[in-house]
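Report on the following structure.
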Amino acid sequence: MVFVAAEGRWLVPKPIGRAFVQRVWGVGFLFWGVGVQWTEFPKNIRFDFAMNMPKLTFCSQARGLAIALLLALPCSADRPSNSRPNVLFIAVDDLRPEITSFGADQMVTPNIDRLAKRGVRFDRAYCMVPTCGASRASLMTGVRPARDRFITYTSRADQEAAGVTTLNTHFKANGYRTLSLGKVFHHPADSLDGWSERPRRPSAKRYVTSAALNAQVKDKKGRTRGPSWEDGGDVPDETYTDGVIANEAIERLRELAQQPEQPFFFAVGFTKPHLPFVAPGRYFEKYPASDVRLPGNYFPPKNAPSGAVHNSGELRAYSDIPRTGLLSEDKARELIRGYRAATSYTDANLGRVLEAFDELGLAENTIIVLWGDHGWNLGEHTLWCKHSCFETSLHSPLIFVAPDSMKFTSGTASSSLVEFIDIYPTLCELAGLPLPGHLQGHSLTAIMKDPQSGVKDQAVSRFGSGDTIRTDRYRYTQYRSKNGQVTGHMLYDHQQDPGENTNVADEVAYTDVVTSLADKLQAAIEVSRENAP
3 MVFVAAEGRW
13 LVPKPIGRAF
23 VQRVWGVGFL
33 FWGVGVQWTE
43 FPKNIRFDFA
53 MNMPKLTFCS
63 QARGLAIALL
73 LALPCSADRP
83 SNSRPNVLFI
93 AVDDLRPEIT
103 SFGADQMVTP
113 NIDRLAKRGV
123 RFDRAYCMVP
133 TCGASRASLM
143 TGVRPARDRF
153 ITYTSRADQE
163 AAGVTTLNTH
173 FKANGYRTLS
183 LGKVFHHPAD
193 SLDGWSERPR
203 RPSAKRYVTS
213 AALNAQVKDK
223 KGRTRGPSWE
233 DGGDVPDETY
243 TDGVIANEAI
253 ERLRELAQQP
263 EQPFFFAVGF
273 TKPHLPFVAP
283 GRYFEKYPAS
293 DVRLPGNYFP
303 PKNAPSGAVH
313 NSGELRAYSD
323 IPRTGLLSED
333 KARELIRGYR
343 AATSYTDANL
353 GRVLEAFDEL
363 GLAENTIIVL
373 WGDHGWNLGE
383 HTLWCKHSCF
393 ETSLHSPLIF
403 VAPDSMKFTS
413 GTASSSLVEF
423 IDIYPTLCEL
433 AGLPLPGHLQ
443 GHSLTAIMKD
453 PQSGVKDQAV
463 SRFGSGDTIR
473 TDRYRYTQYR
483 SKNGQVTGHM
493 LYDHQQDPGE
503 NTNVADEVAY
513 TDVVTSLADK
523 LQAAIEVSRE
533 NAP
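3 is the number of the first residue of the sequence shown in the working numbering; add one for each residue after it.
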């Protein structure tokens, strides 16, 4: 109950949730609060003070009611019933759906898998741009990329979409405490005003073994680069950055749990499995080198236009990688093993965060979303890294977990097409926040209620000079010159060729399909341009 001094009356909460006790030192009151619905207490109660603490003196008519009400209040100092759900927003750098629950049986990812069992797994989620900065800027603004916006890994939302309200800014404006830890935006100063305090970007050692340290060289930009992977041996997780991030995330969650009346939006960005693939040895042991196989399409795609493939430039900067040419099969296997070990390392540290999250009782009123910022090529088409319009660069993991009180389907998967610009409106709807007018995505709550439903029949992405559209069956891509002329295109029939190994765009049998998808792609580009903020 709460005494309203200005009105000289008591308000008694209707017991719709757990109780909490909070001292407000500035006034000297001790408040008992439950939920958000209040009713007036009988007026025949006198209120006195003794040593800054309230003393209640009840008239005979009210004494029995007062005692009954106090006894009826739940005797718990746990989290209250908060009308606004918290958000735990988890980003994982360069994470493709190389996860057991997404069908990668060779992986050891028990914590992401457990998270998927608690919520809805989106099996066909696509990033908007397959590079870090641009993908994150598009997701955090809910705005599609274009030829002049969200282009490279250095793209910033506050510069390329100035004036657009970012996801974190919108939650802050609606009363949330917004926090950023690790890699959320690519640049830590991006959209800085949208955070309640300055983002934390902790770091740790890049390499720890003498072999890796001695192998470091200067790249063409003068940066120190070591090998593409490192088995760190018997070292604690905190030796590398994601272990440090996990520790700090746990501490912040403990702090947030002490302020249950204040809703939070807590973004945690893990840095692995981004290159270099470094992790303690126990994670490499999960993947014996003798078990690692090359992808079935470790060859260039047939009939693909020249702009479709690249030299895997991001990888070439590392000291153990040749500047050009096909990697040896042994090196390719090392990279695949390293990526998997780094993924399991991050999964384990995510697991520590989720364990603390559950122990603190935060699950009952917190939305969790986990996403990888784009896909990653692990030798498919002899490509590495991202930066292409192939499925492997664009297909990304996405999981939503809602509190039980929201009564969404849990432990299910949806094969509906979704895009990363859909994350912003989904979180707004789940949190009960108004939708900003600039958003170009759609809420996924209908799919969370019924995983067999859908909200769109296509996903449109782009990179460089290429624009690509994914439908239920096909992926069609166009490459254009600076003056807008189509210089090449490719079509992959996923019913016949799920690995996208043979471009059939110029085959007569697919003429009508190409015409239809080209029209849809152009229409999507024009609509996006017309509706751009």
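Every residue gets a Cβ at the ideal spot worked out from N, C-alpha and C, and that includes glycine.
8 Å Cβ cutoff met for residue i and residue j
{"i": "S198", "j": "T180", "result": "yes"}
{"i": "D495", "j": "Q480", "result": "no"}
{"i": "V280", "j": "Y320", "result": "no"}
{"i": "G184", "j": "V237", "result": "no"}
{"i": "A217", "j": "D375", "result": "no"}
{"i": "C391", "j": "A310", "result": "yes"}
{"i": "E232", "j": "T211", "result": "yes"}
{"i": "R126", "j": "S412", "result": "no"}
{"i": "A259", "j": "L362", "result": "yes"}
{"i": "E1", "j": "L277", "result": "Look at the range of the chain in this structure, 3 to 535, and you will see that residue 1 is not part of it."}
{"i": "G234", "j": "G298", "result": "no"}
{"i": "R208", "j": "S182", "result": "no"}
{"i": "A148", "j": "S530", "result": "yes"}
{"i": "Y347", "j": "Y285", "result": "yes"}
{"i": "H389", "j": "H312", "result": "yes"}
{"i": "V462", "j": "H444", "result": "no"}
Spatially closest choice to residue i from the options, by CA coordinates
{"i": "D96", "options": "R116, I247, S137, D233", "result": "S137"}
{"i": "D150", "options": "S212, T111, R464, T489", "result": "R464"}
{"i": "H189", "options": "I471, Y155, Q261, V403", "result": "Y155"}
{"i": "I370", "options": "R86, D452, L90", "result": "L90"}
{"i": "I401", "options": "I449, Y341, S530", "result": "I449"}
{"i": "H383", "options": "R98, P275, Y300", "result": "Y300"}
{"i": "E421", "options": "E100, V94, N113, S140", "result": "S140"}
{"i": "K333", "options": "A365, H312, L296, L519", "result": "L296"}
{"i": "K222", "options": "R318, T133, L435, E100", "result": "R318"}
{"i": "P87", "options": "N249, F359, P265", "result": "P265"}
{"i": "N485", "options": "D499, G327, S467, A159", "result": "S467"}
{"i": "N170", "options": "Y426, T273, V355", "result": "Y426"}
{"i": "Y512", "options": "R477, G434, T489, E532", "result": "R477"}
{"i": "G245", "options": "N351, T143, A343, I153", "result": "N351"}
Three-state class that DSSP yields for residue i in the structure shown
{"i": "V122", "result": "strand"}
{"i": "R151", "result": "strand"}
{"i": "A525", "result": "helix"}
{"i": "Y320", "result": "coil"}
{"i": "P399", "result": "strand"}
{"i": "G538", "result": "Past the boundaries of the shown model lies residue 538; the chain is included only from 3 to 535, so the question cannot be answered."}
{"i": "G1", "result": "Shown here, the chain extends from 3 to 535; a query on residue 1 therefore has no answer."}
{"i": "T479", "result": "strand"}
{"i": "Y128", "result": "strand"}
{"i": "N379", "result": "strand"}
{"i": "T167", "result": "coil"}
{"i": "T517", "result": "helix"}
{"i": "T156", "result": "coil"}
{"i": "T394", "result": "helix"}
{"i": "T551", "result": "Residue 551 is absent from the model: the chain starts at 3 and stops at 535."}
{"i": "P504", "result": "Correcting the residue type first, residue 504 is Thr in the shown sequence and not Pro. Three-state DSSP puts T504 in a strand."}
Alpha helix (DSSP H) segment containing residue i, residue limits
{"i": "I101", "result": "Careful: I101 lies outside any alpha helix (DSSP H) and carries neither H nor E."}
{"i": "A433", "result": "425-433"}
{"i": "E263", "result": "E263 -> no alpha helix (DSSP H), and no H or E assigned at all."}
{"i": "Q161", "result": "159-162"}
{"i": "K451", "result": "447-451"}
Endpoints, beta strand (DSSP E) assigned at residue i
{"i": "F279", "result": "279-281"}
{"i": "L419", "result": "414-421"}
{"i": "F410", "result": "First-last for F410: undefined, no H or E at that position."}
{"i": "V94", "result": "88-94"}
{"i": "T470", "result": "468-472"}
{"i": "L493", "result": "488-495"}
{"i": "A461", "result": "461-465"}
{"i": "A269", "result": "266-272"}
Residue ranges of each beta strand (DSSP E) within the stretch 172-260, 3 or longer: As summarised for the stretch 172-260, the continuous beta strand (DSSP E) elements at least 3 residues long and confined to that stretch are 179-184, 231-233, given in chain order.
What beta strand (DSSP E) runs, 3 residues minimum, are completely inside the stretch 332-374? Listed in chain order, the complete beta strand (DSSP E) runs (minimum 3 residues) inside the stretch 332-374 are 368-374.
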